[in-house]
Structures are given as C-alpha cells and as structure tokens.
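Notes follow the structure.
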Amino acid sequence: MIYVRLVIFVLSLFGYSLILKEYLGANKRLSYIEVICSQIIILYFSSLFGILNATSWLLLIGGLICLIIFLILNKANFNWLKIVSFDLISIGMILFVILFGITLWNMPLIHYDNFTHWATIVKFLYTENHLPGLNDKIITYNTYPVGSSVYLYFAAKIIGYKDGVLLLAQFLLISASLYGMFSNLKDDKRLLPASLIFSSFGLFNIFNFSIRTNNLLVDFILPLLALASISGIFAYSEKPIRMSIHMTIVLSALSIVKTSASFFIIISLVFYIFQITRYFRLHKNNNKFYFIIPIVCSLPFLTYQSWKVHVNNVFHGMENGKHEIKNVSLNDILQGHLTRSMLNICKSFWRTIFSFDSFSSRWFFIIFCAFSIFSIVYGIKFKKWKINILSLVFSLIIVITYYIGILLMFLLAMPIDEASKLDGFERYVSSTLIFITGFLIIIIVRQIDLALFEQNKLQRGFKSFRTYRNKQIYQLAGIGAVIFFIGSSLSEVNGMNFQVKQDQPLLSDKITQLVKYRNLTNGKILVVSADKTDVDSYYLAYLSKYELWNPNVDVRYDFIMSGSAFKKLLHNYNYVLLLDDHYTFIKMSERYLGKDLSPGIYSSKYLLKIPLQR
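Residues in the sequence shown are numbered consecutively from 103, following the working numbering.
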C-alpha cells in the first residue's frame, strides 16, 4: 500500500500544478515549486493553530479534486502529451527524479545532524501532530523554524513514515526548485541553454558533497529556493502581479526553512525591486501597482516573525538554539575589542578563504574566472558588456557579504572550540557557492539566447546558424554539458550508495534489531558501546534518542570503575542497551552481577537482581 499512497501523493501534487498553470497563469516550469511552497505555508500556519493533521488530508484531497476537475474540463480535447507538457526538458527531469528517487527510497538516514534536529522534528510532528512544547524534551533546538519539516510531515502522513519517504519528499522540493530554473529559457527547445542548466545540477552535487542529498539538512534547499524565486522574476518579467505572487509564495516558504534564509530573501528582493521598478518605468500606465512592492517585501519577514512570536509565547525564557551567545556585542567587534581567541578565529578565517586548500575558495575562483572569460569573449564578440559586468559585481558583493556574515557568526554565536576550528565552514559556504553558480548560469543561458543568429523563435531550426563551424561548436558544447550532467548524477548516486556501505552495519539497524518491538519511550536508558568515537562525538547519543524515541538516554564507553560504583551507576537507569561485545562491561557484569551478557536490552532490575514489587 505504501506505493499506492506514493502515487496518490504525486497525483495530488500534479493536480494542483495543472490547475495552476492552465487557469491561474503559472509558468509550467514554476508551477510545482509554487504548489509545494504554498503547501508549506498552509501547513505551517495550520501547525500554529494545531490543525496539522486535518490540513494534511484536506491538502491531499484538494489536489485530487483539482486533477478530476481538470480532466472533466478537458475531456473534449484530452491529450496526455499536453497534460504532462512532454518535452525533452520534462523527460530529462523525470529521469533525474526517478534515478534519485529510487536511490533515496531505500536510503537510511546517516548524517549526524539528522538526529540532532532535522529528522527528529519530523518524527515528532508525525507522532504528535502538533508543534513541540516546553515539556517535549526530545526536541533539542526549539527555535528552529519548521518550514521544510512540515512538508516532510505531510508526505510521511500520507505515504507512511520511513527514512526513504522523508528523503524522497525533500528531493521533490529540491527537484521542483531545479525544474523552475528552466523557466529562464527564452526558447526551451534549444539544446545548449537547456543542457547548461542541467550541467549546473552536476555542479550543485559537487558543491553539496559535504552533506549530500541523502539527508534532511536544509543548506541545499536555501539557495535552490532563492534561485527559484529569481527564476520567477525572469519568467514573469512582463507580468508584475504574477511575478509578485510568485515571489511572495516562494520567499514566504523560504523564510521559515531556516533563520539564515533572510540573507537569500534580501538578495532575491533586491533583484525583484530592481526588475519590477524597471518594468513600471517602461510601462508608465501601470504605476498604480507600485503599492505591491512593499507588500511583497514585508510578507516573507512577517511570516518568519510569526514563528518568532510562537517561540516567544511557548518557550519564553527557555529558547534553545544550536549555538550559545557570547558575552560580546557586534558593537564591540566593530570597535576592535577582540579577545585573543577571537583574533585567532579571524586569522584562521582569512587563511581559509584566501587559500586554495579550501574547497569553496578554489571553486569560487574557478566559477568567477569562467564567468569573466565568458563576459570578455561575449563583450568583444557582441559589444554587450553591461549585464555581465553588473552580474559579476552583484555576485562578488553577495560573496563578500556572506563571508562577513559567517565570520560574525563564528565570533558572536558559536562556542569557542567550534569557532576556532571553523566547524561547518564549508557547509555554510556551499549554500552561497550553489546560489552564485546557479545565478551566473541563468545569466549565461539568457545571454546565449540573445546571441543566437536567428532571434525569431518560430523560425529556428537545425539550420539556424551563421556558419557550419558555429553549429559544430554549439552542438559539441551542448552534448558535453549533457554528458557532464549524466556523469555527475550517476556519480552522486554511486557516492551515496558507497557512503551507506561504508557505515555498515548501520547503528540504527543494530539498535532496532536489539530492541525489536519493545516500547522504551519511558524510563532512563543507558546505551553501552565499544566505539569510543561514536560516543565522544555525541552521534550515538542523538541517534539512540531518535531510534528509542526517549530523551532520557545516556551513552557510555568507559566502565573502568569499582564494583560498587558500577552497581550504583546501573541503579540510575531503568534499562541498559548493550550494543556490542563491550569487553569491560561484560566482564564487570560477570564479576559483580553474576550475569553472562551478550548484545541486547536488559532491565536494571534483572541485572541488579532487584525483586519485583508485589
């Protein structure tokens, strides 16, 4: 039945998309991301009002009704090719989604941060059907917005809860954003522009290497939603109201994905304001619509503000984010009042961003050099410099601003030991690297279209080239981009499969097999493991809490202690989960408890020979 529910879920999404693009003026490439972002917003506000479960089923039914209505209205000229917008780009995206979908469907969650928050919050929503409160200790970081989480909850509620469902749902959000990038094409029947966008997906996979697609972290989602919003600016360049609706939907959803989304929202809004005011200047009769600009600019921040109000009302004084706030202000930093540790952080930071040993710095250099070469060649050939130069300057300003923001985060809001190591630096920067690459690719494909010999799209064909040599270069570049896209996609899939095999046997599977079907959500549990690395890194602690669904879980590796201390330790717990043949724990149990233990779950009463209460 899980496959039937999956088909129903996809059909519901498809139904909304059909109505949106056929009757509400949505671009066919942007309709899917507009539907998903609208669902995120609706589910988010439903969670604030405590009607999450009912809203999920209503959204599913609504999509199916839309599909039925569309089929009824179009039964006279029913055409499957028209309905699914069957073209080469659609075929490529369908194959792309199928390839990753099949892989992710059977993929377990293994990334550390899935269990610190991202998978944990979805599981909580799924089991409780409401947002966490002050007494729900299983959620560690209660200030994190729940934007993408409510969509994963929606998918899990309809399809069923398992790791593969969550990963597939997140990938639907990712692929809908990527599909929206094709709306930038002025002529989507041309090989080279479309293949360049496909090739950018391969670059995104490379830049996202540190966390990959088989996790629920949102660092990959942030830049893709921002690119989807900018794509709408180009796609609806002659439709200011439709452009504004698109921006409001996508950016409002983006605002509740993660707090740092504000950076990408501001970038998108700057571009929106520039484009829409330019439109109003050229179409003076539409000046009456200027009022829409402040509305679009304020709604995403108001949406996020509603989350802050919720957190303040529910967790007032007990808010818990991921990083601690140091006893230093931004004003102190601007005045140069830095401690020695802060100066060391600054030195490490500057060394990293100006070093080719840094993955992100190396790729920023390559991307900017490639775009600069393109701009020079294009400028000399076609005598057009303005757009390319402005895009390059805009991109450099974004990167510099983002670097400053990351440095301030390290100085102001991260523990000293993590900040000193620039913990998570490449992961944070990868979001901007993806955004900049996508933005510059969009500019390139639009410039290429303007440079084509035949500017009338209706007259373009396989002979529409100035010279045979130009045709050869065009075709080779297009085919090369497609090959890169295919190769990078297969590489990403193989990389994810290899990553999982490296982690075999999976700790999550081991915990599940040892516990079987016992309900351990209550009581205190001690998890014993011989793997010191998993214990010291807190990975096992978060994973155990997630799998056992119990916040009162401690993990331990060291049992070098006296017999009385050993018994006293066990008295503090209701259960002991022995994950492996921990030599010291087994010998201590044999000597002081008289028990010959093997991996499994044991009650402390059994281990300590405490008589049962009558």
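Backbone N, C-alpha and C define an ideal beta-carbon position, used for all residues, glycine too.
Check: Rounding to the nearest angstrom, what Cα-Cα distance links I171 and S114 in this structure?; Outcome: 12 angstroms
Check: Unbroken beta strand (DSSP E) runs of length 3 or more, entirely within the segment 216-243: which are they?; Outcome: none
Check: On the DSSP bridge assignment, give the partners of D656 in chain order.; Outcome: L628
Check: How do the segment 482-501 and the segment 537-553 stand: do at least 3 beta-carbon pairs fall below 8 angstroms, yes or no?; Outcome: yes
Check: Are S364 and Y392 close, meaning C-beta to C-beta below 9 angstroms?; Outcome: no
Check: In the structure shown, what three-state DSSP assignment does I358 receive?; Outcome: coil
Check: So what does DSSP say about L680, is it helix, strand or coil?; Outcome: strand
Check: What's the gap between the Cα of I427 and the Cα of E520?; Outcome: Reliability of the predicted coordinates at I427 is poor, the pLDDT of 48 falling under 50, and no value is obtained from them.
Check: When you compare the segment 245-262 with the segment 352-371, are there three or more beta-carbon pairs, one atom per stretch, that lie closer than 8 angstroms?; Outcome: yes
Check: Would the segment 658-668 and the segment 622-637 be scored as touching if the rule is three or more Cβ pairs under 8 angstroms?; Outcome: yes
Check: So, helix, strand or coil for I703, using DSSP?; Outcome: strand
Check: Contact criterion: CB-CB distance below 9 angstroms. Does C471 meet it with respect to chain D?; Outcome: As a matter of chain content, chain D is missing from the structure shown, which is built from one protein chain.
Check: For the pair the segment 290-306 and the segment 578-591, tell me if three or more CB-CB distances fall below 8 angstroms.; Outcome: yes
Check: How do the segment 230-245 and the segment 162-177 stand: do at least 3 beta-carbon pairs fall below 8 angstroms, yes or no?; Outcome: no
Check: Tell me whether L509 sits in a helix, a strand or coil according to DSSP, three-state version.; Outcome: helix
Check: Do you know offhand how far E528's Cα is from C448's?; Outcome: 16 angstroms
Check: Please check the pair M209 and G266, which I expect to be a contact at CB under 8 angstroms, by giving their CB distance rounded to whole angstroms.; Outcome: 6 angstroms
Check: Using only CA atoms, which one of V637, S522, R464, V479 lies nearest to L535?; Outcome: R464
Check: Checking 9 angstroms against the spacing of the C-beta atoms, do I299 and F309 come in under that value?; Outcome: no
Check: With distances taken Cα to Cα, identify the nearest neighbour of S700 among F687, S706, K707.; Outcome: F687
Check: Just the Cα atoms here: how many angstroms apart are F555 and A583?; Outcome: Low local confidence applies: a pLDDT of 48 at F555 is under 50, so the model's placement there is unreliable, and no value is given.
Check: Can you tell me which of the three DSSP states L115 falls into?; Outcome: helix
Check: Could you give the distance in angstroms between the alpha-carbon of Y118 and the alpha-carbon of W409?; Outcome: 27 angstroms
Check: Please report the distance separating the alpha-carbon of L318 from that of K483.; Outcome: 45 angstroms
Check: Does the ligand GTP have a heavy atom nearer than 8 angstroms to the CB of F382?; Outcome: Only the bare structure without any ligand can be found here, which leaves the ligand GTP out of the picture.
Check: Taking the alpha helix (DSSP H) that Y641 belongs to, which residues open and close that run?; Outcome: 641-650
Check: Considering M195, what are the terminal residues of the alpha helix (DSSP H) in which it resides?; Outcome: 190-207
Check: Could you tell me the boundaries of the alpha helix (DSSP H) in which N446 lies?; Outcome: 442-455
Check: So, are the CB atoms of F473 and N490 less than 9 angstroms apart?; Outcome: yes
Check: Count the other CB atoms, across all protein chains shown, that sit within 10 Å of the CB of W220; report buried if there are 16 or more and exposed otherwise.; Outcome: buried
Check: Is the segment 366-376 touching the segment 267-287 in the sense that three or more CB pairs, one from each, lie closer than 8 angstroms?; Outcome: no
Check: Buried or exposed: which applies to V109, given that a residue is buried once 16 or more other Cβ atoms fall within 10 Å of its Cβ?; Outcome: exposed
Check: Between the segment 696-710 and the segment 670-682, do at least 3 Cβ pairs fall closer than 8 angstroms?; Outcome: yes
Check: I need the straight-line Cα distance from R716 to L710, nearest angstrom please.; Outcome: For R716, the predicted model reports a pLDDT of 38, less than 50, meaning its position is unreliable; a value from the coordinates is still stated below. Whole-angstrom Cα-Cα distance: 18 angstroms.
Check: Assess contact between the segment 640-653 and the segment 662-671, defined as three or more Cβ pairs (one per stretch) separated by less than 8 angstroms. Is contact present?; Outcome: no
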